[in-house]
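Number of protein chains: 2
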Amino acid sequence: MRQTDILIIGGNVAGSAAAITARRHYPHKETLLVRTEKKAVIPCGIPYIFGTLGSVDKDLRPDALLEKEGVKFAFEHVEAIDLARQRVQTSGGQIGYERLILATGSLPAPIPIPGVEKEGVYAVSKDTAHLQSLLHRLRDARHVVVIGCGYIGVEFADEIQKLEGKKVTVLEVAPHCLTMGYDAEFCVEMESVLQERGLHLRTGVKVAEILGEERVRAVRLADGAEIPADVVIVAVGAAPNVELARAAGLKLGPTGAIAVDRTMETSQKNVFACGDGVEKISFFGGRSSTIRLATVAAMEARIAGANLYGVRRENIGTVGVSATSAGSLVLAAAGLTETAAKQHGYDVVSGTVEGANRHPGVMPGSVPTKLKLVFDRRSGVLLGGQIRGDQAVGEMINLVSACIQQRMTADQMAIFQASTQPTLTASPGTYPLVNAAELAVAKMAQTR
Amino acid sequence: MRQTDILIIGGNVAGSAAAITARRHYPHKETLLVRTEKKAVIPCGIPYIFGTLGSVDKDLRPDALLEKEGVKFAFEHVEAIDLARQRVQTSGGQIGYERLILATGSLPAPIPIPGVEKEGVYAVSKDTAHLQSLLHRLRDARHVVVIGCGYIGVEFADEIQKLEGKKVTVLEVAPHCLTMGYDAEFCVEMESVLQERGLHLRTGVKVAEILGEERVRAVRLADGAEIPADVVIVAVGAAPNVELARAAGLKLGPTGAIAVDRTMETSQKNVFACGDGVEKISFFGGRSSTIRLATVAAMEARIAGANLYGVRRENIGTVGVSATSAGSLVLAAAGLTETAAKQHGYDVVSGTVEGANRHPGVMPGSVPTKLKLVFDRRSGVLLGGQIRGDQAVGEMINLVSACIQQRMTADQMAIFQASTQPTLTASPGTYPLVNAAELAVAKMAQTR
């Protein structure tokens, strides 16, 4: 039987980050990562395989950093975990461990629609053969239907419409696209851009059935309408992959994911878990969260990896920070929307500003940027932010995230020290974060 | 005699931000802004007048936001302040006030070089007639010499070299350009780019004299070398403009600027001051700081404006957050460099990472981004950061600034929740802020 110090099951976002963290914190311990696939796909890059990248190969994880840090690999399938004896059974034999990290990730969430099993219907899976098959089938497809208009749905649809001769329709049950992360005034901006780019977007519609013999022919909506489809892509989220953990006897949590404490330890001592497979707690109020993001997986992995032989980090809960783009439009969001904040029971005050992201505004590259900040009126603390602008918004939202994670108040943010430079940002007097915070402060004062 | 509630002297960055803040916090008070010039120039945009913008007119402050907020204007020259009687004497008469904010800004720092008074030698002043004259003179100039290679020097030189037929030389007494904000490994990147772009850069040289009859002909260095010059631009920093304050009897501080407490109140009750004219305190250790930035001025203005009738904000000290660009190179910095941190007495640990700012790295727009973070080994607290990359770096540095202002530790930053998206940022596993922090954590552990 092989014996190792730190064994990691799963080698995508969480597993890789856990392995690197373990090596950096415990360089004298052997770290062995077990993964079925020799090369794993980069999850966030999946939609781009079908347009911008053009091949699955271009979206594979480089393992160079893991190798540089001295992580060992075993490309085997894990069949069972024996918690009592501290060993796992793999397709290659048995491996004993001192510490175990489960990073088994997620699988596409099942949807209860008749006909989803038909040929030509694809869930968004991280399996390379599955992705290869979809890529192949899309070549000859004319009518493509995407079910679900969250980030993955938007990105898939927009990438596929870049190919020649496709008619792409996106279906969403909610009244708008991207409602998980945005208030309606931001959602409609994405909807306009998608429509301008030639996509057919139908929100507020329910899929009743997927039609066809063996192979998909059309999608039938609850109102009876039929939308022709050669390929259907189901992008309705992910469900934790917990089979190994459940079979081993690890406790599961309220949403059916692997239960962990704030140190990322499971119900079994010395066994940790991180990533899409584990229970999430919201940063806001501490209740269960169903937000599954690669960056949350990586964050949890850095907690698990650091705590293996003694606690030094705790999970503050999922903030939810994310972004997407379509054409020149970039949307980004962090924390709670105004709608979600109200649902959480907060008394909300928001501040919204819109202005050029260069100064003077006539500088080249100037684009109007809109920022909305959502505060709790009682404490003045920042709860969320949403931004529309150019590519720099992908980093600006991380500033908003920092302010949320540090529970900064509107008054603190109103005197935030930002870099402002003519070729790069708004002016010192109109820097959006500061200005939106100041507007919220003024609103709070008026209602006192 | 006119009587107002809130009187603000100066209407550039600090004065405007103070006026807007005053209006938002005290909407029932009249706010009157006195400024000599009808239209004020945007200070950070000045270098761009000479290349990208092509005219002074395009770099004038829009006062639309002030007008919208109900700020009143008086375009008059302020001659004296009578603190005892709470009134000022202007070119238009007397104005009584209840609260006063001084935002008199800065003037170009004088340099003790023989010949600086010659025709063709220009300090970087905010005076529009002066800028107009420089713009005019540059048209026929062939040899342009810029003295000082800080931000303003770099930006002036790079803008002027965009014009046809100019030979631009930049002289810097320090061993590198931009040493105020960057460690040498970043400075040399800017130096390479400036040289590639055709600029003649000479560092570690001292200017001895400016030669010529009435009009400048050449610049003589301490080593005897002569550099031909039709125009000389002196970009060696700014000095506080304190004449009005001094004459009124307000106390000045250790560097000769207007003394203020952390609420931005001067030695006289109900009289506040903000911007380039006031004493600065460093965020690091609280000693005097000579960093003068437009964003610091705006921050101080938002403190002064909010505190006029009761304290609600305090100045945490100058962090120093800034950025610049030349061609496709963007450099940005926040807080202390490694060199400066050591000079401050910190035991320094740094973490540096370099990698693609897209994922996978083959995504369009991918550019290698380098981030260096500097931590205090004893507390683990972040002291500074420097970044080289593309335009999004202009916002990424504000994230670093937030981490500094919140005194976040390397461990906290290693589990920071960032948005990562293929078309916008690095991957969740390699997000620079998190990765550089984790490297620093590992270094701290090794040396314990």
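Note that the protein sequences, when read in sequence, are chains D and G. Last residue of the first sequence: number 448 in this note's numbering, and the count goes up by one each step with no gaps. Last residue of the second sequence: number 448 in this note's numbering, and the count goes up by one each step with no gaps. Yeah, the Cβ is synthetic: ideal placement off N, Cα and C, and Gly gets one too.
Rounded straight-line distance, which links the Cα of residue j to that of residue i
i, j, result
"residue 91 of chain D", "residue 65 of chain D", "26 angstroms"
"residue 189 of chain D", "residue 26 of chain D", "48 angstroms"
"residue 427 of chain D", "residue 369 of chain D", "12 angstroms"
"residue 408 of chain G", "residue 311 of chain D", "19 angstroms"
"residue 111 of chain G", "residue 236 of chain G", "8 angstroms"
"residue 429 of chain G", "residue 255 of chain G", "46 angstroms"
"residue 93 of chain G", "residue 277 of chain G", "24 angstroms"
"residue 207 of chain D", "residue 268 of chain D", "42 angstroms"
"residue 243 of chain G", "residue 378 of chain G", "44 angstroms"
"residue 201 of chain D", "residue 149 of chain D", "9 angstroms"
"residue 179 of chain D", "residue 220 of chain D", "23 angstroms"
"residue 113 of chain D", "residue 211 of chain D", "11 angstroms"
"residue 103 of chain G", "residue 404 of chain G", "27 angstroms"
"residue 216 of chain D", "residue 133 of chain D", "15 angstroms"
"residue 341 of chain D", "residue 349 of chain D", "10 angstroms"
"residue 261 of chain D", "residue 228 of chain D", "47 angstroms"
"residue 34 of chain D", "residue 100 of chain D", "11 angstroms"
"residue 89 of chain D", "residue 177 of chain G", "60 angstroms"
"residue 87 of chain D", "residue 95 of chain D", "5 angstroms"
"residue 252 of chain G", "residue 258 of chain G", "4 angstroms"
"residue 57 of chain G", "residue 309 of chain G", "37 angstroms"
"residue 266 of chain G", "residue 274 of chain G", "9 angstroms"
"residue 107 of chain G", "residue 203 of chain D", "58 angstroms"
"residue 420 of chain G", "residue 44 of chain G", "31 angstroms"
"residue 449 of chain G", "residue 425 of chain G", "Residue 449 of chain G lies beyond the residue range present for chain G, which begins at 1 and ends at 448; the question has no answer from this structure."
"residue 437 of chain D", "residue 433 of chain G", "24 angstroms"
Limits of the unbroken beta strand (DSSP E) element including residue i
i, result
"residue 240 of chain G", "238-240"
"residue 347 of chain D", "No beta strand (DSSP E) holds residue 347 of chain D; DSSP gives it neither H nor E."
"residue 82 of chain D", "78-82"
"residue 229 of chain G", "Neither: residue 229 of chain G is in no beta strand (DSSP E) and is coded neither H nor E."
"residue 40 of chain G", "Careful: residue 40 of chain G lies outside any beta strand (DSSP E) and carries neither H nor E."
"residue 119 of chain G", "It is not in any beta strand (DSSP E) - residue 119 of chain G carries neither H nor E in the DSSP assignment."
Residue i, DSSP secondary structure in three states
i, result
"residue 92 of chain G", "coil"
"residue 336 of chain D", "coil"
"residue 452 of chain G", "Residue numbering for chain G in the displayed model covers 1 to 448; residue 452 of chain G lies beyond these limits and cannot be assessed."
"residue 295 of chain D", "helix"
"residue 48 of chain D", "helix"
"residue 156 of chain G", "helix"
"residue 399 of chain D", "helix"
"residue 85 of chain D", "coil"
"residue 24 of chain D", "helix"
"residue 10 of chain D", "coil"
"residue 15 of chain G", "helix"
"residue 101 of chain G", "strand"
"residue 303 of chain G", "helix"
"residue 72 of chain G", "strand"
"residue 407 of chain D", "coil"
"residue 247 of chain D", "helix"
In DSSP terms, what residue i is bridged to
i, result
"residue 388 of chain G", "G/331, G/370"
"residue 3 of chain D", "D/96"
"residue 63 of chain D", "DSSP, once it has assigned bridges, lists no residue as partnering residue 63 of chain D."
"residue 376 of chain G", "G/348"
"residue 382 of chain G", "G/375"
"residue 355 of chain D", "D/369"
Range of the contiguous alpha helix (DSSP H) that encloses residue i
i, result
"residue 192 of chain G", "184-196"
"residue 163 of chain D", "Here residue 163 of chain D belongs to no alpha helix (DSSP H), and DSSP marks it neither H nor E."
Residue-level contact to chain A via CB, residue i, 8 angstroms cutoff
i, result
"residue 403 of chain G", "The structure shown has no chain A; the protein chains it does contain are D and G."
Check: Any residues in the stretch 48-81 of chain D with a beta carbon nearer than 9 angstroms to a beta carbon of chain G? Which ones, in chain order?
Finding: The stretch 48-81 of chain D vs chain G, Cβ under 9 angstroms: 48, 52, 53, 58, 59, 60, 61, 62, 65.
Next item on the list: Using a Cβ-Cβ cut-off of less than 8 angstroms, list which residues of the stretch 409-424 of chain G approach chain D; keep chain order.
Entry: Taking 8 angstroms as the Cβ-Cβ cut-off against chain D, the residues of the stretch 409-424 of chain G that qualify are 411, 414, 415, 416, 417, 418, 419, 420, 421, 422, 423, 424.
Next item on the list: With 8 angstroms as the C-beta to C-beta threshold (strictly closer), list the residues of the stretch 363-381 of chain D near chain G in chain order.
Entry: Taking 8 angstroms as the Cβ-Cβ cut-off against chain G, the residues of the stretch 363-381 of chain D that qualify are 363, 364, 365.
Checklist line | Contact list for the stretch 385-399 of chain G against chain D, Cβ threshold 9 angstroms | finding: Within the stretch 385-399 of chain G, the qualifying residues are 390, 391, 392, 393, 394, 395, 396, 397, 398, 399.
Next item on the list: Residues of the stretch 139-160 of chain D with a CB closer than 8 angstroms to any CB of chain G: list them in chain order, please.
Entry: Cβ proximity to chain G below 8 angstroms picks out nothing from the stretch 139-160 of chain D.
Checklist line | Under 8 angstroms (Cβ pairs) to chain D, residues found in the stretch 4-22 of chain G | finding: If the cut-off is 8 angstroms between Cβ atoms, the stretch 4-22 of chain G has 13, 16, 17, 20, 21 near chain D.
Notebook entry, point to check: According to a CB-to-CB cut-off of less than 7 angstroms, which residues of the stretch 342-361 of chain D neighbour chain G?
Noted result: For the stretch 342-361 of chain D, the beta-carbon criterion of a distance under 7 angstroms to any beta-carbon of chain G is satisfied by 359, 360.
Item checked: Contact set between the stretch 303-323 of chain D and chain G, restricted to residues whose Cβ is under 7 angstroms from the partner -> Hits within the stretch, in order: 303, 312, 313, 319, 321, 322, 323.
Check: In chain order, what residues of the stretch 328-339 of chain D put their CB closer than 9 angstroms to some CB of chain G?
Finding: So the list reads 330, 332, 333, 334, given in the order they occur along the chain.
Notebook entry, point to check: Which residues, in chain order, does the stretch 274-303 of chain D contribute to contact with chain G at a C-beta distance below 9 angstroms?
Noted result: Of all residues in the stretch 274-303 of chain D, 283, 293, 294, 295, 296, 297, 298, 299, 300, 301, 302, 303 have a Cβ within less than 9 angstroms of some Cβ in chain G.
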